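Inspection log for the structure reproduced underneath, given as structure tokens.
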Amino acid sequence: MKAFIKTIGLSAALMLGAAIPASADAELKLAHAAPESDLQQTLSVFFKEEVEARSNGSIKVSIFPAGQLGNDAQMIDGARSGIIDIAMSGLNNFTGLVPQAGVFELPFIFPTRDIAYKVLDGEIGAGISAEFTQHGLMVLGYPENGYRNITNKRGPIKKPEDLAGLQMRVNNSRALNDMFALFGANPQQIPVAELYTALETGVVDAQDHPVGIVVSFKFNEVQKYLSLTQHAYSPLALVINDQKFKGLSAEEQKIVTEVAKEAIAKQRDLNVSKEEEMIASLEKDGMAVNRDVDAAAFQEKVRPVWDGFIQANGDELVNKIVELGKSQ
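Numbered by mature numbering (1 follows the signal peptide of the UniProt record, and there is no 0), the letters in the sequence shown go through residues -24 to -1, 1 to 304 in order.
Okay, here's the thing in structure tokens:
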């Protein structure tokens, strides 16, 4: 675990894979949009170090954080075409290719992280993952962004009515767009790389992200209030170009898939263990944190959002997830 945590702050030369034996047979370019201070980078460096070590240098991994190779859509396109080998992005960014994956974005569908992990790592997640191959991608797993919470400039969000009239930045998840519109906010889709400036200049008043993203993108500098609504679990997807993966030897494929699984497990653990610490740091820096949220009121009003997904994609996946949750 120490080796995993220490990765933040490694030199650029190490992150870009400078110290690699000349005998490397395969190079994997891994890209994500998060800052180097984010746990997505921690996962990436762990993946790099372990893959290179276990392959005895036959695989070189180069990391490109902070959107160096483009925004989320561009990275996904790059991974599909083979310009990028591995991309990590919010699962919502893949729903244009695999609409069924939007089930994981539905508000309040995952009452606990344990249920989310069982769904994503089990039969349901495997079924969704299989849909990616027709788009040239293989899913290595689903890292964690975390539970989404709301920040804004106006005041605490305790009940759905408190969102009325807010200019709300949203991602491209149809479910979240529908939810905020249903609650009377005015949703606007803005890329995360442009969000700090949009909040600072008043283009939008509010946004929703997991706590780790609020910290790593420093949204607390331009937002006063954090309300722990936990209205949706937000998974990432770690994908590799399918042809690139098939071009690896059987042993190299095993190394890549095993290390990805370990890296995701460790990143999830760190997300959980550091969450309260991050919340405390936000409070220390002057953010007003509100835990007094009427979760039942939010849950009662989001059913039309679920109905919209069901109308477009059927109810099989929703029913399976709900039933699995009841069995826990």
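Cβ atoms here follow ideal geometry from the backbone N, Cα and C, with glycine treated the same way.
For clarity, every value in this text was computed on a predicted model and none was experimentally measured.
Under the three-state reduction of DSSP output, Leu45 falls in the coil class, being neither helix nor strand.
The Cβ-Cβ distance between Asn47 and Asn148 does not fall below 8 Å. At a Cβ-Cβ threshold of 8 Å, Leu258 and Leu202 count as neighbours.
The count of Cβ pairs closer than 8 Å, one atom from the stretch 119 to 131 and one from the stretch 42 to 58, stays below three, leaving the stretches out of contact.
Taking all protein chains shown into account, Asn217 has 16 or more neighbouring C-beta atoms within 10 Å of its C-beta and is therefore buried. For Leu152, the enclosing alpha helix (DSSP H) stretches over residues Arg150 to Leu158. Out of Ser210, Gly112, Ala42 and Ala9, the CA that lies nearest to the CA of Ala151 is found in Ser210. Between the alpha carbons of Thr205 and Phe84 lies a distance of about 10 Å. In this structure, the alpha-carbon of Leu224 lies about 27 Å from that of Leu15. Annotation: His8 to Gly141 spans about 33 Å, alpha carbon to alpha carbon. In the three-state reduction of the DSSP assignment, Leu202 falls in the strand class, which pools E and B. Distance from the Cα of Ile189 is smallest, within the candidate group Glu3, Lys277 and Ser13, for Ser13. Per DSSP, reduced to three states, the secondary structure at Ser57 is helical.
With 16 or more other Cβ atoms inside 10 Å of its own Cβ, Val281 counts as buried.
Rounded to the nearest whole angstrom, the C-alpha separation of Gln219 and Thr88 is 35 Å.
DSSP places Asn247 within a helical segment (H, G or I) once states are collapsed to three.
Arg145 and Ala182 do touch by the CB rule: their CB atoms are close to 7 Å apart, below 8 Å. Per DSSP, the unbroken alpha helix (DSSP H) holding Ala174 starts and ends at Leu171 to Thr177. Here Phe40 carries a strand assignment [DSSP, helix/strand/coil].
The continuous beta strand (DSSP E) containing Asp184 extends over residues Ala182 to His185. Taking C-alpha positions only, Leu293 is separated from Gln287 by approximately 12 Å.
Note: Arg145 is bridge-paired with Gln164 and Gln183 in the DSSP secondary-structure output.
In the three-state scheme derived from DSSP, where H, G and I count as helix and E and B as strand, Lys194 is classed as coil. Gln243 counts as buried, since no fewer than 16 other beta carbons sit within 10 angstroms of its beta carbon.
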